[in-house]
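See structure below.
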Amino acid sequence: DNYLKILQIMYKASTTQIKQLKEYHKHKAYRDYAIVAHGIKGSCRNIGANDLGDLAFAHEMAGKELKENFISEHVEEFCENFAALCREIEKVLEVFQLQNKEKKDKKENGEKDSLLLSCLSEMKVDIDSFDFASVSKQFRILDDMKIPEIIKDSVDELRKQNDALEYEKMGEILNNCIEKIQRGHPC
Numbered sequence: 001d002n003y004l005k006i007l008q009i010m011y012k013a014s015t016t017q018i019k020q021l022k023e024y025h026k027h028k029a030y031r032d033y034a035i036v037a038h039g040i041k042g043s044c045r046n047i048g049a050n051d052l053g054d055l056a057f058a059h060e061m062a063g064k065e066l067k068e069n070f071i072s073e074h075v076e077e078f079c080e081n082f083a084a085l086c087r088e089i090e091k092v093l094e095v096f097q098l099q100n101k102e103k104k105d106k107k108e109n110g111e112k113d114s115l116l117l118s119c120l121s122e123m124k125v126d127i128d129s130f131d132f133a134s135v136s137k138q139f140r141i142l143d144d145m146k147i148p149e150i151i152k153d154s155v156d157e158l159r160k161q162n163d164a165l166e167y168e169k170m171g172e173i174l175n176n177c178i179e180k181i182q183r184g185h186p187c
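For the sequence shown, the numbering used here begins at 1 and goes up steadily by one.
Here it is, written out as structure tokens:
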């Protein structure tokens, strides 16, 4: 997590840093140029991009030593190399954002499955104990849930059997639904 935070900070700052390098070079503000190069050097070395960190160090020293020719000859290459690294960082961040979204979705789906499983299991207990008022309550709870496609027809059939007072058939349908959810069918 800390590494990703460093990558995010570096990525967010990169556009500004590249603009600053070019602007400071243009205005011959080499001490300011050296400060920006110093920041890039630290960021690169923090993430293990040591070759680019070494290049940033060379630019930092050139700025401190007012080596205008070196900077003029190499600023575009330096900026492009840094931009290329940041494009790669962007790809990494996109992958991790996608993975985090998938984990979040999986967790939410697991919670939904658990709630649905609990409701259906409770309904089964209510049927077995002839507590038909509680069965009606479980149907009201189901009405507020998004029923997964894999058991939607079964839940519709469950309602029909309830209306027909066919509680034995309801038990069979409930067992089937519970089994599907327990096998990990996505809801």
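All C-beta atoms in this analysis are idealised placements derived from N, C-alpha and C, irrespective of residue type, glycine included.
Since we're looking at a predicted model, the values are computed, not measured.
In the pairwise beta carbon analysis, the region 3–10 is classified as touching the region 42–62: at least three pairs are separated by under 8 angstroms. Shown here, Glu166 sits in coil according to DSSP, grouped into three states, outside any helix or strand. Under the DSSP assignment, Ser43 falls in the alpha helix (DSSP H) whose first and last residues are 30–46.
With fewer than 16 other CB atoms across the displayed protein chains lying within 10 angstroms of its CB, Gln182 is exposed. CA-CA distance, His74 to Glu80, rounds to 10 angstroms. For Ser72, the closest alpha carbon among the candidates Ile35, Glu172, Glu94, Tyr24 is that of Tyr24. With respect to Met145, Leu158 sits apart: the two C-beta atoms are not nearer than 7 angstroms.
In the three-state scheme derived from DSSP, where H, G and I count as helix and E and B as strand, Glu157 is classed as helix.
In this structure the region 171–178 touches the region 124–142; the number of beta carbon pairs closer than 8 angstroms is three or more. If you look at Lys5, you'll find it in the alpha helix (DSSP H) that goes 2–26. The C-beta of Lys41 has 16 or more other C-beta atoms within 10 Å across all chains shown, which makes the residue buried. Between Tyr11 and Glu90, the beta carbon gap of about 6 angstroms places them in contact (Cβ cut-off 8 angstroms). Counting C-beta atoms within 10 angstroms of its own C-beta, Gln97 has fewer than 16 neighbours from the protein chains shown and is therefore classed as exposed.
Pairing Leu116 with Leu165, the inter-Cα distance amounts to about 22 angstroms.
Taking all protein chains shown into account, Ser129 has fewer than 16 neighbouring C-beta atoms within 10 Å of its C-beta and is therefore exposed. DSSP, read as helix, strand or coil, puts Lys146 in coil.
Lys64 and Val95 have their C-alpha atoms spaced approximately 38 angstroms apart. Our two residues, Lys137 and Lys180, have alpha carbons roughly 22 angstroms apart in a direct line. Phe78 is a Cβ neighbour of His59, given a cutoff of 7 angstroms.
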